[in-house]
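With my numbering, letter number 48 in the sequence shown gets 36, and the count goes up by one each step, no holes. Ideal Cβ positions, reconstructed from N, Cα and C, are used throughout, including at glycine. Only a predicted model underlies this, so the values are computations on that prediction, with no experimental measurement involved. Take a look at the structure below.
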Amino acid sequence: MTDAPLPPDQGRPDQHSDRARAAYEHDAHAAPADAAPADAAFEESLARVGASLRHRGSLPDPSRPDPSRPSLRGILALGALTLAIAAAAIFFLRPTGRAWEVQVIAGAPTIDGQTGASQLRERQWLATAANERASLTVPSIGSVTIEPDSRVRLVRSRQNQQQMELARGTLHAFITAPPRLFVVDTPAARATDMGCIYTLRVEPDGATLLSVAVGWVELSGKEGVTRVSAGIECRTSADGVVALPRAKASSLSEAQLAAFDPARIDAGELDSFLASCGQTDAITLWHILQRVPEPRRAAVLDRLASLHPAPPDTPREKALALDRTALEAWWNQLR
């Protein structure tokens, strides 16, 4: 018997049982005497009807997976992905650097508002009130002393970089490390240690004052980098403008340097300024040389050379052209 396809209007669920019964009755009357038992014929008829209904989408095919139902493999894959994301979030969000040891010198400094902690970890803030002081051990490279009324944060503590932030107050850094390994950010500038001892202060108006005792520091503001060497101090305004570095023993006052604009000064004003510079102002002149317009460079270079003779094998014309090799030779002699 050939199984004919169902007409389009015969595929409704309420007609399935009638069709199955009709198919069974037809097969039962038409079967010869030696036909298979009635239950076998009934199963065969149901199989034909079921195949037809599956063809029309009315019944699921148990031999094929249901795309609307997630498989066990899919559930396991989704679970594994969720665990991986959670593990990655924990790894990147948790502090992974080496903690700095904290030694209380006076009072009861707090770490994230809590007293008694002996370690400062990445992203934690240490604060000192009036008359409170603390010392931080920077792993393997030195120490930092935090003065009263200060607030500092450990930003990064890794083998290739130790970085902190000074939000307010004063710190003293004693660092013996390769250049650029230790960095301190303030609201106005960034101090990059080149192997030295220095003091960094954020003043109430937001300005930053750097004073170097040994070695030198790169002080970065919004208009470039200034080198501050031993015996020199340098101020950065609250809006990030780094002033000319000034020797602590200089006859030049801070107000005089603050009013000096290398890019706009005329020849007469420059000559008067240069005449007031002494032996201790060589580093200041080295920076001015690179900031004045080209027609004014010769006057600055001549005054610098009169205070400190030019390094060997440093042609005048190269220094006037701001040749980097020539400038570095001058710097190494002056600092």
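query                                                                                                  : result
Element boundaries [alpha helix (DSSP H), containing residue 261]                                      : 255 to 263
Own chain, CB closer than 8 Å to residue 241, minus 5 neighbours either side, in chain order           : none
C-alpha distance - residue 102 paired with residue 321, whole-angstrom precision                       : 48 Å
Cβ-based neighbour list, residue 315, same chain, cut-off 6 Å, excluding 5 preceding and 5 following   : none
Endpoints, the alpha helix (DSSP H) within which residue 290 is located                                : 282 to 295
Cβ-based burial, residue 227 [other Cβ within 10 Å; buried from 16]                                    : exposed
DSSP-derived helix/strand/coil call for residue 193                                                    : coil
Which listed residue (129, 138 and 189) has its alpha carbon closest to that of residue 146            : 129
Helix, strand or coil at residue 188 according to DSSP, with G and I counted as helix                  : strand
Strand pairing of residue 224, partner residues [DSSP]                                                 : 196 and 230
Proximal residues to residue 293 (C-beta, below 6 Å), its chain only, five neighbours per side dropped : none
Among 175, 112, 319 and 105, nearest to residue 217 - alpha-carbon criterion                           : 319
The segment 271 to 285 in contact with the segment 238 to 256 per 3-pair CB rule at 8 Å                : yes
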